[in-house]
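Chains as they are written, first to last, in this note's numbering: chain A, 1 to 170; chain B, 171 to 320.
For each residue, glycine too, the CB sits at the ideal point set by N, CA and C.
Predicted, not measured: the structure shown is a model, and the values here were computed from it.
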Amino acid sequence: MDLIKECGVLCNDPAFISMLNRARGQVGDEVRAANHRGSNNKPATGYDAIRANSPLGLVIRKDKDIGYKYSRVGTNATAGRECNGNNGMVCNFVNISEDDTAVAVLVGVQPRARLESFNSEHFRAVYKKLARETQRPVFVMGTGTNAIGIIYVTDGVSFTRVDMALKTQR
Amino acid sequence: MGTSRYLCVALVISAFVFGCNASTNEVKTYDAVTTVINLIATPEHFFNKKIEVDGVFVGFHQDRLYLSSEHAENLISSLSISVLDDTETEEGSLSFSSCSGEWVKLWATFIPAQQPGISTEQGRLVVDRAMLHKDGKTCWKRTEKSRFIE
Numbered sequence: 001m002d003l004i005k006e007c008g009v010l011c012n013d014p015a016f017i018s019m020l021n022r023a024r025g026q027v028g029d030e031v032r033a034a035n036h037r038g039s040n041n042k043p044a045t046g047y048d049a050i051r052a053n054s055p056l057g058l059v060i061r062k063d064k065d066i067g068y069k070y071s072r073v074g075t076n077a078t079a080g081r082e083c084n085g086n087n088g089m090v091c092n093f094v095n096i097s098e099d100d101t102a103v104a105v106l107v108g109v110q111p112r113a114r115l116e117s118f119n120s121e122h123f124r125a126v127y128k129k130l131a132r133e134t135q136r137p138v139f140v141m142g143t144g145t146n147a148i149g150i151i152y153v154t155d156g157v158s159f160t161r162v163d164m165a166l167k168t169q170r
Numbered sequence: 171m172g173t174s175r176y177l178c179v180a181l182v183i184s185a186f187v188f189g190c191n192a193s194t195n196e197v198k199t200y201d202a203v204t205t206v207i208n209l210i211a212t213p214e215h216f217f218n219k220k221i222e223v224d225g226v227f228v229g230f231h232q233d234r235l236y237l238s239s240e241h242a243e244n245l246i247s248s249l250s251i252s253v254l255d256d257t258e259t260e261e262g263s264l265s266f267s268s269c270s271g272e273w274v275k276l277w278a279t280f281i282p283a284q285q286p287g288i289s290t291e292q293g294r295l296v297v298d299r300a301m302l303h304k305d306g307k308t309c310w311k312r313t314e315k316s317r318f319i320e
């Protein structure tokens, strides 16, 4: 598969791994904020009906000046498209598969998704399909329970765990 | 004697009429019976309304109500509605209930979820109860009030 090869190149690029780690922090923060509850069990700041208990993602792009950059965190990337400008009401959507600068998609799943869920066939099928649709490797990260810090990558066929500690040491 | 009899009859009739009205109000708590297609095509007509809607629910952290089983099998999310399952843990959640993967009827509130650049959804369903069409049994019921509904 070309995508495995593509991810192989990406995953061995220190600049990409560095950006992936920064993006993981951003997605993790946003997922936690979107699901945060106040002390009275009411929605706290950032806890919103739009993003609560929903996987959030972003697109990592190749940038000629700074190596890589990432897009805004939202549910767009998990639908295989991105909002390329809007008039305040409606987005001008661009499919990630048609965006030449997009190199990977990162998705942070809901905090309640446990590590065991990553082994579910259905769970994997959703992200494998996203990888096939976007024609990009999709990184799927846990954000809570016993899955925090866990990251998998899928190319549409395989679904394998990435050892980020090893990657960072390179 | 005659007056008291009339009064008695009037009381019985009024109790019956008011009783009927009360039970009608109890039953009619949902504003509309609709379809996934209607929610996709004209979401603004259903925002913040309590609705009944049929579809194939897929949980396992995907939490979407699909138009049909074919759409669900092929994960065609453009013909589905996001379901906001706000249960805190997997245990007892709608996502991991016996409703998942089944043709269901949902009693829910449709809340707006429009935010260009952040969300591709128009709205999300906050479910109160779900029933399996195959046997008419309730497969999930809300036990705590949702934080997203006033």
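Count the other CB atoms within 10 Å of the CB of residue i; is the residue buried (16 or more) or exposed (fewer)?
i, result
"Asn12/A", "exposed"
"Ser247/B", "buried"
"Ser193/B", "Confidence at Ser193/B is low in this model, with a pLDDT of 42, below 50, so its placement is unreliable and no value can be given for it."
"Gly306/B", "exposed"
"Ala211/B", "exposed"
"Asp63/A", "exposed"
"Arg161/A", "exposed"
"Asn191/B", "Because Asn191/B carries a pLDDT of 45, less than 50, the predicted location of this residue cannot be relied on, and the following value inherits that uncertainty. Exposed: under 16 other Cβ atoms inside 10 Å."
"Leu115/A", "exposed"
"Ala77/A", "buried"
"Glu30/A", "buried"
"Glu82/A", "buried"
"Lys304/B", "exposed"
"Asp163/A", "exposed"
"Glu121/A", "exposed"
"Asp2/A", "In this prediction, Asp2/A has a pLDDT of 44, which is less than 50 and means its spatial position is unreliable; what the coordinates show is noted afterwards. When all chains shown are included, Asp2/A counts as exposed."
"Ala15/A", "exposed"
"Glu196/B", "Confidence at Glu196/B is low in this model, with a pLDDT of 42, below 50, so the placement of that residue should be treated as unreliable; the coordinate-derived value is given next. The residue in question, Glu196/B, is exposed, as its Cβ has fewer than 16 Cβ neighbours within 10 Å."
"Glu214/B", "exposed"
"Asn218/B", "exposed"
"Gly225/B", "buried"
"Gly67/A", "exposed"
"Gly262/B", "exposed"
"Glu260/B", "buried"
"Ile148/A", "exposed"
"Glu240/B", "exposed"
"Glu314/B", "exposed"
"Asp65/A", "exposed"
"Asn87/A", "exposed"
Using a Cβ cut-off of 8 Å, pull out every chain A residue sitting near residue i, in sequence order please.
i, result
"Leu245/B", "Ala125, Val126, Lys129"
"Ala283/B", "Ala49, Ile50"
Roughly how far, in whole angstroms, is the beta-carbon of residue i from the beta-carbon of residue j, given that I think they are within contact range, below 8 Å?
i, j, result
"Val203/B", "Ser250/B", "Rounded, the Cβ-Cβ distance is 19 Å, inconsistent with contact."
"Ser54/A", "Thr75/A", "6 Å"
"Val103/A", "Arg61/A", "6 Å"
"Val109/A", "Val140/A", "6 Å"
"Ala23/A", "Leu58/A", "6 Å"
"Arg312/B", "Arg299/B", "7 Å"
"Leu130/A", "Leu20/A", "Their Cβ separation, rounded to whole angstroms, is 17 Å, which puts Leu130/A and Leu20/A out of contact at 8 Å."
"Pro286/B", "Val90/A", "7 Å"
"Ile50/A", "Ile319/B", "No, Ile50/A and Ile319/B are not in contact; Cβ-Cβ is about 15 Å, not under 8 Å."
Against residue i, what residues of chain A qualify as contacts under a CB-to-CB distance less than 7 Å, listed in chain order?
i, result
"Asp255/B", "Asn53"
"Arg294/B", "Ala49"
Starting from residue i, find everything on chain B with Cβ-Cβ shorter than 7 Å and list it in chain order.
i, result
"Arg112/A", "Glu258, Thr259, Glu260"
"Ala79/A", "Ser247, Thr290"
"Cys83/A", "Pro286, Gly287"
Which chain A residues are close to residue i, counting only those with a beta carbon under 9 Å from its beta carbon?
i, result
"His231/B", "Asn53, Pro55, Val109, Gln110, Arg112, Ala113, Ser117, Ser120, His122, Phe123, Val126"
"Ser252/B", "Ser54, Thr75"
In the DSSP output, which residue or residues are listed as bridge partners for residue i?
i, result
"Asn86/A", "Cys91/A"
"Glu222/B", "Val203/B, Trp277/B"
"Arg359/B", "The first residue shown for chain B is 171 and the last is 320, placing residue 359/B beyond what the model contains."
"Glu272/B", "Phe227/B"
"Met130/B", "No information on residue 130/B is available, as it lies outside the stretch 171 to 320 that chain B covers here."
"Ile66/A", "For Ile66/A, which the question treats as bridged, DSSP gives no partner whatsoever."
"Val296/B", "Thr279/B"
"Ile288/B", "Ile288/B is not bridged to any residue."
"Ile60/A", "Tyr70/A, Ala104/A"
List, in chain order, every chain B residue whose beta-carbon is nearer than 9 Å to that of residue i.
i, result
"Asn86/A", "Pro286, Gly287"
"Arg72/A", "Gly287, Ile288"
By the criterion of Cβ-Cβ separation under 8 Å, what are the contact partners of residue i in chain B?
i, result
"Val90/A", "Pro286"
"Asn76/A", "Gly287, Ile288, Ser289, Thr290"
"Arg32/A", "Those within 8 Å of Arg32/A in chain B number zero; the least Cβ separation is about 14 Å."
Does residue i come within less than 8 Å of chain D when only Cβ atoms are used?
i, result
"Ala33/A", "Protein chains in the displayed structure are A and B, and chain D is not among them."
### Query
Hey, which unbroken runs of the beta strand (DSSP E) at 3 residues or more fall wholly within the region 106 to 170 of chain A?
138 to 141, 151 to 154, 159 to 161
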